[in-house]
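Residue numbers (UniProt numbering): 1 to 189.
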């Protein structure tokens, strides 16, 4: 099988189920941004971080593939002609969201309370987390826009929202772990 199919040479691409849409369609923008997010999370995972965080990020990347498949499936193609779901055994569940919440709570238990805005940066890995958080927020904005046009699973929206929270707290936690013994930067008044 060749990588290039030439089917997109005129600016269209196929969704799950075969429907062709322009490559700039909101559905393509939505799952394309989730794919971009997944790549940024892979970059975080490639850093020298605690294996616990790496394992969580592997789980997140798996969920993002599922989320992308959901976003790539138009509502009218969710059920096959034989009555079965196109994406059998695939979905985002409340358990996936609770998993992120548990990880957030665990990290926050070890962090001091926030007293000012967080300035992204300070370390490459922390910066990667903030970039991923921003891409996640963009994916969420696009998915909510898509949801207004063609309703999609609301757990997709909820998962992206919680994931951006997770990435924000992970950035804080990594920063804390790296600089726990340094005097924090205090903004001017």
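The beta carbon of each residue, even a glycine, is placed where N, CA and C say it ideally should be.
{"Check": "Whole-angstrom distance between residue 108 and residue 116, CA atom to CA atom", "Outcome": "16 Å"}
{"Check": "Close Cβ partners of residue 67 (< 7 Å) along its chain, the five nearest in sequence each way excluded", "Outcome": "34, 92, 156 and 159"}
{"Check": "Classification of residue 125 by the beta-carbon crowding that lies within 10 angstroms, buried from 16 upward", "Outcome": "buried"}
{"Check": "Residue range of the alpha helix (DSSP H) that includes residue 14", "Outcome": "From DSSP, residue 14 is part of no alpha helix (DSSP H) but of the beta strand (DSSP E) over 12–14."}
{"Check": "Burial state of residue 4, where buried means 16 or more other Cβ atoms lie within 10 Å", "Outcome": "exposed"}
{"Check": "Beta bridge counterpart(s) of residue 21 as assigned by DSSP", "Outcome": "13"}
{"Check": "Buried versus exposed, by CB contacts within 10 Å (16 or more), residue 51", "Outcome": "exposed"}
{"Check": "Residue 38, enclosing alpha helix (DSSP H) - first and last residue", "Outcome": "26–45"}
{"Check": "7 Å Cβ shell around residue 142 - same chain, five flanking residues per side excluded", "Outcome": "26, 29, 30 and 33"}
{"Check": "Cα-Cα separation between residue 41 and residue 130, rounded to whole angstroms", "Outcome": "10 Å"}
{"Check": "Pairwise C-alpha distance: residue 175 and residue 122", "Outcome": "8 Å"}
{"Check": "Nonlocal neighbours in the same chain, by C-beta distance under 7 Å from residue 178, ignoring five residues either side", "Outcome": "123"}
{"Check": "Residue from 165, 149 and 172 whose Cα sits closest to the Cα of residue 75", "Outcome": "149"}
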